[in-house]
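Take a look at the structure below.
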Amino acid sequence: MINQIYLRRKNKLILNKGNEPTPHLHYIATILANFESLGYTLSKPIIDTLYTYSKDQLNEFYLSTIDSLKKVLGANRAYKPMYPNFPQQVMEASDAELYINAMIHYLSLGTMLPEYEQQTRMPLYDKTNQKEISLGSRDDFLMIFRNLLSSKTSISESDKEDLTFVFESFSENTGQLIPQEIPLKENIALLGKLLLENNLNHDILFQYIKTATDVLRLAVSLSDGDISLATSTRFRSFKRKERRILLAFLENCGNMEEDMKRYKNRWIRLGERLHPAEYKQFKKTNEAFFKLRNNKHISTFNGLIADLLQTNQIDAAMTLLSDRPGEFARKLDQLLRLHQQPEAVIENFKAIANKIETTVLLQVREHFKHRNDVREKRSFFPKGNVAKMFVINNDLPAINEIICQDIVDICESNLIEIYKQKSPIGKVYLDEALRNYLVPFSQRSANKSLKSVVRGSKIDIAETTSTIRTFLYWKDGSNEWGTDIDLSAVMYDETWGYLEHVSYTNLRSAKYKSCHSGDITSAPAGASEFIDLDIQSVRNFGGRYIVFSIHSFSGEAFNELPECFMGWMSRGNPNSGEIYEPKTVENRMDITSDSMICIPMILDLYENKVIWTDVALRTEPEYANNVEENQMGMVLMGKALTSLVKPNLYDLFKLHIEARGELCVNIEEADLIFSMDKGITPFDLDLIVSEYI
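The following block contains the structure:
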């Protein structure tokens, strides 16, 4: 399991040397050939280690490693689409044949599929790059999880699962896993759960838990709830020892009454589980619960600020906000719009900027850098475990460009001063391509994937790619009539005018080369669907954007299915090789959200990029002429997702270079490399969220 996680996260393995005097070259060559069929190769240190292995050790290494590789690629499943000779078979079939096959399948409730002989396929002609698997170490492996706990931004569910396994497996090494500082409150709650459930020393938590909301998050975490607090949690019954620990943490918090009022109803429900009245020693805690239950007045900071702003007492609001720099930064745009002398707001912001978290400074910088850009919509990703997206009209009044630049300059100068406190990084090579990859501010709702890509990042499509092939695999859930998951692609022009869609209702395009492998409506043993899209033919017809979507037609949420995942392949010769070729897989993602619709990716064929979106929708988008007015419509979502304004990795790393390094043009001269495939890459998220944000 350790190497399975290490391989997925870093393409590394932990191996001990064997004692075999003579290497089994034939076995090792066979292992290499089989790995290459999946698009992987082994580094020289790993091969040198394998030289010392017996045949039994080589066999064990091969079976465990090949199984892990197949799982991350999706190659551990058999892909049997309705049309086994896809895509050519679908493109050449008559409309009547496609229609009759679909009707027979639907009328048989998904039990009957057309019978075709699978033709011998030509070998894969596409050239693919091999991904190297390197030799790692135990310390390097544990550092991944220390970095995750050090993260300044939220981490994903798969990160939490891996952390849970590591704490259970390395309980004697918690000192190596727990960082001195844990900036993110959600991670404190996660750590508390890991310590308490593994009966480890929890006294260290007193240095991290400072507020009543920290205690609430811990109780939510122990109840397997949403520690972002975006949704309510049904609290479990706590053991007496756990109740005493939670109440002791709460008693130790300052300003608890105001903090508890923010989540009043949740605290009342939690109090029913904690029974604070049984613990007379916690006097402050009992007093706070008494006020909540009896609706006693508790004044709050946010309420006071709202009153001051509503009554136009801007200076008084600024004075109060200066005591909470993070809140000042979040209300900065509003203050600049309301104040008669925005220069006063700028001076106040400048005075407190050095006390603002870097995550906030980076986002404020980006906001004001693009504050007056002409954008039709503004989009927000609310916190929570589902990758939802809110889109509203961009009706903010303009702010003077000089004022915006002043704010950008203040943010940058303070970020540079903060980064100067870190160790020097010497000569640094910085890849321009990193402008296309966004800073990972929130990964809590990201699905587990082969490559962890931040939502909104743009991935280059190789020049040798003629066809993008998406694939979907799922197994039936509890629905007695079977589970029907559908893969679709909707094509738009550069102004988001609808052109055509390819889906179960339209298996192939009449206008350009694009087709669907056939709609399967029941998957007791697993089912798969594919869509091929010929890039140049879509461009020739005037197509620019292709929005891929996955729908649960049968009504189950994706997280109710035993298995559901999708991915995409880069193909140069789509009729060569197998329909599913693991070495051509660019990315693969588990679909596990509590939703029935997912938009995993969008193609921008003018920029020749895949935009990684990984967004879940709770209700059905409307495909209608007025789709742009529909808040949950595909066009609206597409416009928002292709025009996100978020800090990118290039700008982040450039600030670090200005603060503590020297930019160099020649990669061979660099002490540190930021690039797509060397040094620190966009996929080293654990390192980025802990060391560079």
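Going by this note's numbering, the sequence shown opens with residue 893, and the numbers climb by one from there. For glycine and all other residues, C-beta sits at the position ideal for the given N, C-alpha and C. Keep in mind it's a predicted model, so treat the numbers as computed, not measured.
In terms of residue numbering, what span does the alpha helix (DSSP H) encompassing residue i cover?
i, result
"Asp-1352", "Looking at the DSSP string, Asp-1352 is not in any alpha helix (DSSP H); the run it does join, the beta strand (DSSP E), is 1350-1352."
"Cys-1586", "In the structure as shown, the chain starts at 893 and stops at 1585, and residue 1586 therefore has no counterpart that could be examined."
"Thr-933", "Run containing Thr-933: none in the alpha helix (DSSP H); it sits in the beta strand (DSSP E), 932-934."
"Arg-1136", "1132-1143"
"Asp-1054", "1049-1061"
"Met-1210", "1206-1213"
"Arg-1336", "No alpha helix (DSSP H) contains Arg-1336, which DSSP labels as neither H nor E."
"Ser-1080", "At residue 1080 the sequence reads Ile, which differs from the Ser that was named. Its alpha helix (DSSP H) spans residues 1077-1089."
"Phe-1220", "1217-1222"
"Phe-1182", "1175-1185"
"Asp-1116", "First-last for Asp-1116: undefined, no H or E at that position."
"Gln-1068", "1066-1069"
Let me know the secondary structure DSSP gives residue i once reduced to three states.
i, result
"Tyr-1515", "At Tyr-1515 the pLDDT is 41, less than 50, meaning the model places this residue with poor confidence and gives no usable figure here."
"Glu-1520", "Per-residue confidence for Glu-1520 stands at a pLDDT of 29, beneath the threshold of 50, marking its modelled position as unreliable; the derived number appears in the next sentence. If DSSP states are grouped into helix, strand and coil, Glu-1520 belongs with the helices."
"Ala-988", "helix"
"Leu-1121", "coil"
"Tyr-919", "helix"
"Met-1014", "strand"
"Ser-956", "helix"
"Val-1346", "coil"
"Leu-1001", "coil"
"Phe-1282", "strand"
"Tyr-1329", "coil"
"Lys-1531", "helix"
"Gly-1571", "strand"
"Ser-1446", "coil"
"Ser-946", "coil"
"Ser-1271", "strand"
"Arg-1263", "coil"
"Arg-1431", "helix"
"Ser-1594", "The structure shown does not extend to residue 1594, since the chain is modelled only from 893 to 1585, so the question has no answer here."
"Ser-1046", "strand"
"Leu-1582", "For clarity, residue 1582 is Ser in the given sequence; the question names Leu instead. In this structure, Ser-1582 counts as helix in the three-state DSSP scheme."
Roughly how many angstroms lie between the CA atoms of residue i and residue j, to the nearest whole one?
i, j, result
"Asn-1500", "Phe-1127", "48 angstroms"
"Thr-1103", "Met-1461", "47 angstroms"
"Ser-1000", "Asp-1368", "16 angstroms"
"Glu-1150", "Asp-1095", "25 angstroms"
"Ala-1516", "Met-1526", "Because Ala-1516 sits at a pLDDT of 31, beneath the cut-off of 50, its placement in the model cannot be relied upon, and the point is left open."
"Thr-914", "Tyr-1542", "48 angstroms"
"Glu-1372", "Leu-1082", "37 angstroms"
"Gly-931", "Gln-1022", "5 angstroms"
"Lys-963", "Arg-1222", "42 angstroms"
"Ala-1325", "Phe-1575", "13 angstroms"
"Ser-1042", "Leu-1254", "18 angstroms"
"Ile-939", "Ile-920", "8 angstroms"
"Tyr-998", "Phe-1363", "21 angstroms"
"Met-1524", "Ala-1508", "Interpretation of Met-1524 is limited by its pLDDT of 47, a score under 50 that renders its predicted location unreliable; no figure is taken from the coordinates."
"Gly-1028", "Glu-1561", "25 angstroms"
"Tyr-898", "Asp-1031", "12 angstroms"
"Ala-1532", "His-918", "54 angstroms"
"Glu-1421", "Ala-1415", "11 angstroms"
"Glu-1249", "Trp-1159", "28 angstroms"
"Leu-1184", "Asn-1178", "10 angstroms"
"Ile-1353", "Ile-1565", "23 angstroms"
According to DSSP, which residues form a beta bridge with residue i?
i, result
"Met-1152", "Note: Met-1152 sits in no beta bridge, so no partner."
"Val-1502", "Ile-1351, Leu-1495"
"Ala-1381", "Val-1394, Phe-1440"
"Thr-1362", "Ile-1423, Trp-1460"
"Ala-1508", "Cys-1490"
"Lys-904", "Ser-1026"
"Lys-1319", "Glu-1554"
"Asn-1540", "Leu-1330"
"Ser-1468", "Met-1014"
At which residues does the beta strand (DSSP E) containing residue i begin and terminate?
i, result
"Ser-1406", "1406-1408"
"Ile-1248", "Careful: Ile-1248 lies outside any beta strand (DSSP E) and carries neither H nor E."
"Ile-1197", "It is not in any beta strand (DSSP E) - Ile-1197 instead sits in the alpha helix (DSSP H) that spans 1193-1202."
"Val-1477", "1477-1482"
"Phe-1566", "1564-1566"
Would residue i pass as an interface residue toward chain B - the criterion being a Cβ-Cβ separation below 7 angstroms?
i, result
"Met-974", "Absent here is chain B; the protein component of the structure consists of one chain."
Quick check: the segment 1411-1429 against the segment 1357-1365, are at least 3 beta-carbon pairs closer than 8 angstroms? yes
Mind the definition here: the segment 1321-1341 touches the segment 1286-1303 only if three or more C-beta pairs lie below 8 angstroms; say whether that holds. no
How about the segment 1122-1136 and the segment 1162-1179: do they share at least three Cβ pairs that are nearer than 8 angstroms? yes
Decide yes or no for the touch test of the segment 1372-1392 against the segment 1436-1455: beta carbon pairs closer than 8 angstroms, at least 3 of them. yes
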